[in-house]
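This report concerns only the one structure given below.
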Amino acid sequence: MATTLTCRILLILNVSDKNMATTTVLNVEAEYISNLQQQIYFLELEANFLRKQTKKTTALQPRITSEAELMFQKLREMQSQAEGLRLELKRKEASLYIWRSELEQLRSQISYIEDGHSREKQSLVKEIIQLKQTKEQTDRQVSQKETEILLLRQELEKELTNENNKAQQIQAIQQGKRTTSNFNKDRETQ
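For the sequence shown, the positions run -21 to -1, 1 to 169 when mature numbering (1 follows the signal peptide of the UniProt record, and there is no 0) is used.
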């Protein structure tokens, strides 16, 4: 389980080394299978040798029998170990199969995510271009409005100046009328 988890983590962290890791695992498996086959071959040779020796020797029968029993017991133990190793190999092969399918799923997910990011990036780039164009257009409109406001302020200042001048003229005329009116009253009173 820990080996499978380690393999998964290595694959996720370093996708570029995945072929090397797969090749290494396959080489180890091939060497492991070859060693098992050699052990079985030697065990079979040893069993054949023991069978022949038991047939040849009759004087040493009890001793040979006990040694043969020990050898057969060892052979059974080794066959049991070999069977255990075969089962372990099958488990590892099943684990490797699961690992490979998970790797394929991860590759598929990565590809899907990369495609989604690419589409989203293109969409954002288009949106940025549109926003820049809208900003430029808005900036031009703001500049035009500011120019219009400046012109309107200048015109308003002219109008206010004209109004002030007219108000001063009206006050001067009214002052002149009052002065004339007071002068006329003073004259009449004299």
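Beta carbons: idealized from backbone N, C-alpha and C, even for Gly.
Give the secondary structure of residue i by DSSP, where H, G and I count as helix, E and B as strand, and everything else as coil.
| i | result |
| --- | --- |
| Ala(-20) | Bear in mind that a pLDDT of 43 at Ala(-20), under 50, signals an unreliable position, so the number given afterwards is only what the model happens to contain. Helix, per DSSP. |
By the 10 Å Cβ neighbour count, where 16 or more other Cβ atoms means buried, how is residue i classified, buried or exposed?
| i | result |
| --- | --- |
| Ala(-20) | Note on Ala(-20): pLDDT 43, under 50, position unreliable in the model; no value is reported. |
Exercise for review: Please specify which runs of the beta strand (DSSP E), each continuous and at least 3 residues long, are wholly inside the region 74 to 110, giving them in chain order.
Suggested key: Secondary structure remark: continuous beta strand (DSSP E) runs of at least 3 residues inside the region 74 to 110: none found.
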